[in-house]
Amino acid sequence: MNRPISPVRCVYCRPAAMTRFLYRYIIFPVLWIGLRVLALLHPKARKGLEGRRHVFADLARFLEEKPCPLRAWVHVSSMGEFEQAKPIIEALKQAVPELCVVVTFFSPSGYENSRRYPHADFSTYIPIDTARNAARFLDLLKPDIALFIRYDVWPNHLWACHDRGIPALLANATMRDNSARLWPGARSFHRAVFDAFESIVTISERDAQNFARFGLRHAAIETAGDTRFDRVSGKAEQARIKRLLPERIKEGRRILVAGSSWQEDEDALLPAVFTLLKYDPTFLCIIVPHEPTIEHLETLEYRLRGRAESIRFSYLQNWDGERVLLVDSIGILLPLYASADAAFVGGGFRSNVHNTLEPAVYGIPVVYGPKIHNSQEARELQEAGGSFIVSNRRDVYRVLRRLFSDEPFRAQTGEAAGAFVRARSGATERLVVRVLPYLNTQE
C-alpha cells in the first residue's frame, strides 16, 4: 500500500551522489551542447535560449512589486501540459486566495500562449538546468511547493527543491510499460531523480504500478486521475454558450465536424464525405484544418470543386445551402463540436491523433485514424465503446455511414463517449486535497 502524503519532510532523503555527479558533469553538458547546436538550426530552439536571458531579473522585479505570503511554482513543458495545469492552478487560487502562482515553461510555444492567462501571477522560462541556475532560481522564488506536470522533470531543479526542503509533487504522471526510463541502466538514474519527489500522483493505476518498478524508497505513489478531463469539461460548458453555428444552418441537419485535420486525414475522409453528401440530403460537414493557411484552404476548395458546394466560415453570413463549411480561423473548434452529431479527429493518419476528449465530452461518437501511440485516452475511449479507430478510406466510410444512418447506434456510442469523460472527471479536486496541507491551510 502506498504511504499517505505528509507535509513533514524527510531530512534524510538524499538522491544518490553518483547520479548527481553523472548528470551534472557528463549527461547535462552533452545535452547543453546538443541544445546549442539545435538553436543554430531551428528558430524555435533559438527563441527559447534567447528568452531565458532575463529570467532572473524579471522574476526579481515581479517579487519586488508583488510580495507573496504563499508561493506555488508550477512547471510545464509546453501548451498541452499547461492545459492540464490550469484546473489545478484555478482550484488552488480559489482555495487559497493569497497564493501567488509562478509558472515556468520549457517550450517557447507554451510560454508565448501563457501571457493572457489571468490565474498565473507570473510566467517565465525555466532556467537552463545547471545546479547553479537551479539554486539561484529557488533561492530567489522561495516557493512553498513545486508542482511538475506530467513528465518534464529537470533533475537539478528537482534536487535543489529536495535540498531546500521544498516539497515537490509530480502531477498527472504517466509511465508506459515499455518506457525507456525503465530499461536497465536508465532505471537506476531515474530512481534517484523520482525519489526526490515528495509524491508522484499518476493518472492511472497502471502508471502507478510502473512507477513502483523503480523501487522508490521515499516518494509516495498515488493515483488521482487526469486533470485534462476536468479541463475539457469546464471548457465545454463555456463553449456551449457561444452558439457559433446559426440555427438556420443546423436545423434539419446531421453534422460531422472534422477537427484538427491534416491533408493525410482529409485523404481518408473526403471520399466518405462525398458519398454521404450524395445519398444523405441532411448531411453537413464542417472541416477545421489544424493549420488553416491560405494554401490549405485553397487546396481543400480545389478538391471539393465539382463534388460539393463549400463556403468559408468567415463568410457564413452569405450561406446559401452549402453543405461543406471550411473553418478559416483558429480557436473555435470546441464550440463547433457542441453542434455536431459525430466527430472525426485529425492527426491519426499523420503522426498522432489530436485531442479526442474535446468532442467526447459532448456525448457524440468520435472517429480517428490508427496513429494513437501517444494518446492513452484514445485507446481507452475506443475500448469503452465511445469511438472508432479507422485504418483506411473504406473504414472511414463504413463507420460514418452507420453512424449517420443508424440513430440508436449513434446515440448509444455517443452516450458511451460522454460517460467515459464523466467517469474520469474529478482529478483536480483529488490533487488539490493533496497539495493544500503543504500550504498550511485547510481544505
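Residue numbering for the sequence shown is 47 to 489, as defined by the working numbering. No residue lacks a Cβ here, since even glycine has one placed at the ideal position from N, Cα and C. Computed from a predicted model, the values in this text were never measured in an experiment.
Please state whether DSSP places residue i in a helix, a strand or coil.
i, result
"residue 485", "helix"
"residue 179", "helix"
"residue 395", "coil"
"residue 228", "helix"
"residue 305", "strand"
"residue 134", "helix"
"residue 408", "coil"
"residue 262", "coil"
"residue 358", "strand"
"residue 320", "helix"
"residue 57", "Confidence at residue 57 is low in this model, with a pLDDT of 37, below 50, so its placement is unreliable and no value can be given for it."
"residue 50", "The pLDDT assigned to residue 50 is 41, lower than 50, so where the model puts this residue is not dependable, and the model offers no usable value."
"residue 414", "strand"
"residue 268", "strand"
"residue 220", "coil"
"residue 200", "coil"
"residue 73", "helix"
"residue 331", "strand"
"residue 171", "strand"
"residue 290", "coil"
"residue 119", "strand"
"residue 124", "coil"
"residue 249", "coil"
"residue 390", "strand"
"residue 207", "helix"
"residue 36", "The structure shown does not extend to residue 36, since the chain is modelled only from 47 to 489, so the question has no answer here."
Give the straight-line distance between the Cα atoms of residue i and residue j, rounded to the nearest whole angstrom.
i, j, result
"residue 258", "residue 236", "12 Å"
"residue 463", "residue 175", "41 Å"
"residue 71", "residue 101", "24 Å"
"residue 326", "residue 384", "21 Å"
"residue 291", "residue 376", "15 Å"
"residue 386", "residue 192", "40 Å"
"residue 452", "residue 445", "11 Å"
"residue 111", "residue 120", "20 Å"
"residue 454", "residue 133", "35 Å"
"residue 489", "residue 429", "With a pLDDT of 42 at residue 489, under the threshold of 50, the modelled position of this residue cannot be trusted, and the question is left open."
"residue 243", "residue 426", "29 Å"
"residue 53", "residue 267", "With a pLDDT of only 42 at residue 53, under the threshold of 50, the placement of this residue in the model should not be trusted; the figure read from the coordinates follows. Taking the straight line joining both Cα atoms gives about 15 Å."
"residue 304", "residue 113", "47 Å"
"residue 461", "residue 320", "27 Å"
"residue 109", "residue 188", "10 Å"
"residue 98", "residue 400", "30 Å"
"residue 369", "residue 284", "27 Å"
"residue 340", "residue 179", "43 Å"
"residue 419", "residue 67", "34 Å"
"residue 352", "residue 152", "47 Å"
"residue 78", "residue 92", "13 Å"
"residue 254", "residue 264", "15 Å"
Which same chain residues, not among the five before or five after residue i, have their C-beta less than 6 Å away from its C-beta?
i, result
"residue 95", "85"
"residue 137", "474 and 478"
"residue 449", "388, 411 and 456"
Can you round the beta-carbon distance between residue i and residue j to whole angstroms, since I take them to be within the 8 Å contact cut?
i, j, result
"residue 194", "residue 228", "That pair is no contact at about 19 Å."
"residue 172", "residue 200", "6 Å"
"residue 372", "residue 343", "6 Å"
"residue 88", "residue 135", "In fact, because the Cβ distance is near 30 Å, the residues do not count as touching under 8 Å."
"residue 332", "residue 382", "6 Å"
"residue 202", "residue 177", "5 Å"
Looking only at its own chain, which residues have a Cβ that is under 8 Å from the Cβ of residue i, when we skip the five neighbours before and after it?
i, result
"residue 345", "309"
"residue 142", "116, 482, 485 and 487"
"residue 349", "312 and 316"
"residue 355", "367, 368, 369 and 370"
"residue 336", "306, 307, 308, 392, 393 and 400"
Looking at residue i: is its Cβ nearer than 8 Å to the Cβ of residue j?
i, j, result
"residue 276", "residue 471", "yes"
"residue 169", "residue 125", "no"
"residue 394", "residue 414", "yes"
"residue 204", "residue 219", "no"
"residue 447", "residue 362", "no"
"residue 405", "residue 459", "no"
"residue 65", "residue 238", "yes"
"residue 118", "residue 190", "yes"
"residue 147", "residue 139", "yes"
"residue 248", "residue 273", "no"
"residue 468", "residue 271", "no"
"residue 391", "residue 306", "yes"
"residue 439", "residue 314", "yes"
"residue 330", "residue 301", "yes"
"residue 433", "residue 398", "no"
"residue 318", "residue 157", "no"
Excluding the 5 residues flanking residue i on each side, which residues of the same chain have their C-beta closer than 7 Å to its C-beta?
i, result
"residue 184", "206, 207, 210 and 212"
"residue 161", "169"
"residue 437", "416"
Any heavy atom of the ligand ZN closer than 7 Å to the Cβ of residue i?
i, result
"residue 147", "What this structure holds is no ligand at all, so the ligand ZN is not there to describe."
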